[in-house]
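*Asks:* In our numbering, the protein residues as written are 8 to 269.
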Amino acid sequence: MAAIRFDKVQKYFGRGDKRMHALSNINLEIEDREFLAIVGPSGCGKTTCLRLVAGFDAASEGSVSVAGKPVMKPGPDRAVVFQQFALFPWKTVRGNIDLGLRNKAIGFEEREKRIADVLKLMNLETYADAFPHQLSGGMQQRVAIARAYVLDPEVLLMDEPFGALDAQTRVVMQEELVRLARVQPRTVLFITHAVEEAVYLADRIAVMTRRPGRIKELVDVKSVRDAEKWNRFERIEDVMDLDSFVHLRTGIWRSLREEKNG
Ligand SMILES: Nc1ncnc2c1ncn2[C@@H]1O[C@H](COP(=O)(O)OP(=O)(O)OP(=O)(O)O)[C@@H](O)[C@H]1O
Ligand SMILES: [Mg+2]
């Protein structure tokens, strides 16, 4: 059974003359523990896809299901990380991470344990009592990811999570995500504008057309990576010049450019 499944999804916004076709016939199955990245021109409906899985919005036609069940509303099996870190400025790192857990019926001791574990996992132990404004952007995004992970979700939904970071911090966070994927594998739906980031991180990449967004191409990165014997545990600068990496990246760029000019 697919971890996430889009079945003939159509999405319209507005009514009558103002009706706008945002997503057109999206069919996609994301396997359990698969890392799928979506790339596509601005406004093509990437965030909309993610919001449908999160349960923040509903498809106009067709259905989206997670672990075989149609998505009706947000749930603890799915955690979302946005581009803007969305931390509460008046809460400490620990307090921010604790927020998600408070809505769950978990005892104090279990909560403390889970928070301690995730602080360790994300190398945030020394920042537990700091406030967001005392942290760099990268650190803040680390907290946002910790807040998602502490809920122990099956599915992680990430909408340009590193888009607001500088290039160096971005690479550190990409490596961090790879490490997380190894120690605590999850199904990940990851939106990015950075083609290189998608090739480095993803098992498969869905390339979308401009609006109304359709999936024009599904690129199987994992099989190329396996065949060419490189992996995500290598540093990005050690793989990004390999022929197979460049080939994937160039193919996706071409595909995207067609959309912009078309
Ligand atoms: N709640 C809404 N009401 C009306 N229109 C919306 C709504 N949400 C999104 N849209 C429109 O739907 C289209 C797709 O938006 P979406 O945010 O999914 O695009 P995107 O691919 O994530 O773009 P970007 O790369 O710029 O983040 C856009 O034209 C947007 O203006
Ligand atoms: Mg978006």
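Positions of the beta carbon are idealized from the N, C-alpha and C atoms, including for glycine.
1. With distances taken from CA atoms, which of Leu263, Lys80, Asp159 is nearest isoleucine 212?
2. Quick one: residues with CB closer than 7 Å to any heavy atom of ligand 2, in chain order, please.
3. Looking at C-beta atoms only, is the number of pairs between the segment 101-113 and the segment 63-76 that lie closer than 8 Å three or more?
4. Alpha carbon to alpha carbon, how far is glycine 23 from alanine 29?
5. Alpha carbon to alpha carbon, how far is valine 162 from alanine 44? Give it in angstroms, no decimals.
6. On a Cα-Cα basis, can you pick out the residue from Ile243, Phe138, Val231 that is closest to serine 251?
7. Which same chain residues end up closer than 7 Å to cysteine 51 when comparing Cβ atoms and leaving out the 5 residues on each side of it in sequence?
8. Pairs of beta-carbons, one from the segment 155-171 and one from the segment 191-198, closer than 8 Å: are there three or more?
9. Which runs of the beta strand (DSSP E) spanning at least 3 residues fall entirely within the segment 83-159, listed in chain order?
10. I'd like to confirm something about glycine 23: is its beta-carbon nearer than 7 Å to some heavy atom of ligand 1, or not?
11. Check whether the Cβ of serine 49 sits closer than 7 Å to any heavy atom of ligand 1, and report yes or no.
12. Is the beta carbon of arginine 221 within less than 7 Å of some heavy atom of ligand 1?
*Replies:* With the given structure in hand:
1. Nearest option by C-alpha distance: Leu263.
2. Lys53, Thr54, Asp166, Glu167, Ile198
3. Contact annotation: the segment 101-113 does not touch the segment 63-76, with fewer than three C-beta pairs closer than 8 Å.
4. 15 Å
5. 13 Å
6. Of the candidates Ile243, Phe138, Val231, Val231 places its Cα closest to the Cα of serine 251.
7. Met215, Thr216, Arg217, Arg218, Gly220
8. yes
9. 85-88
10. no
11. The answer is yes for serine 49.
12. no
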